[in-house]
Amino acid sequence: MSRPMILVDAEALAAIQSELAAIRRSLEAVQMSPRPEWIPVPEYAKGVGRSVTTVQRWVREGRIETRREGGVRMVKRR
12 MSRPMILVDA EALAAIQSEL AAIRRSLEAV QMSPRPEWIP VPEYAKGVGR
62 SVTTVQRWVR EGRIETRREG GVRMVKRR
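In our numbering, the protein residues as written are 12 to 89.
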């Protein structure tokens with residue numbers, strides 16, 4: 012089976028190659044780390060689409076596991 016040929020002018024090909032090289036550099040610079048298991052109450056509230064007050068009520072009701080880190084109440088991410 013033969014492959015179809017696609018004509019691309021040299022300048023367009025050079026631009027594509029340059030863009031691919033930039034993307035490769037960006038990807039190689041990424042440092043992945045796991046999401047933290049414990050997050051502050053406001054961040055948790057934003058993530059679940061609820062108010063901080065609602066999340067604090069859930070904490071009082073024992074519906075969410077919490078702990079304190081340096082005076083900051085942290086909520087265990089679901």
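For every residue, glycine included, the Cβ atom is placed at its ideal position computed from N, Cα and C.
Model, not experiment: these values are computed from the prediction.
Apart from the five residues on each side of it in sequence, which residues of its chain come closer than 6 Å, Cβ to Cβ, to residue i?
i            : result
threonine 77 : Val70, Arg84 and Val86
glutamate 54 : none
Return the CA-CA distance between residue i and residue j, expressed in angstroms with no decimal places.
i             : j             : result
valine 59     : arginine 74   : 14 Å
alanine 56    : glutamate 72  : 16 Å
methionine 16 : leucine 24    : 14 Å
serine 44     : isoleucine 50 : 15 Å
serine 37     : arginine 46   : 21 Å
Using beta-carbon positions only, say whether residue i and residue j come within less than 8 Å of one another.
i            : j           : result
glutamate 39 : arginine 88 : no
glutamine 42 : valine 52   : no
Please go through the same chain and pick out, in chain order, the residues whose beta-carbon is closer than 8 Å to the beta-carbon of residue i, but skip the five residues on each side of it.
i             : result
isoleucine 34 : none
valine 63     : Val52, Pro53 and Ala56
Starting from residue i, trace the beta strand (DSSP E) both ways and give me its first and last residue.
i           : result
arginine 79 : 77 to 80
proline 51  : 49 to 51
So residue i is in the alpha helix (DSSP H); what residue range does that whole segment cover?
i          : result
valine 63  : 63 to 72
valine 41  : That residue, valine 41, is in no alpha helix (DSSP H); it is neither H nor E in DSSP.
proline 15 : Premise fails: proline 15 is in no alpha helix (DSSP H) and is neither H nor E.
Take residue i and list the residues in its own chain whose beta-carbon comes closer than 7 Å to its own, dropping the five residues that flank it on each side.
i             : result
isoleucine 31 : According to the sequence provided, residue 31 is leucine. The question's isoleucine does not apply to it. Same-chain partners within the cutoff: there are none.
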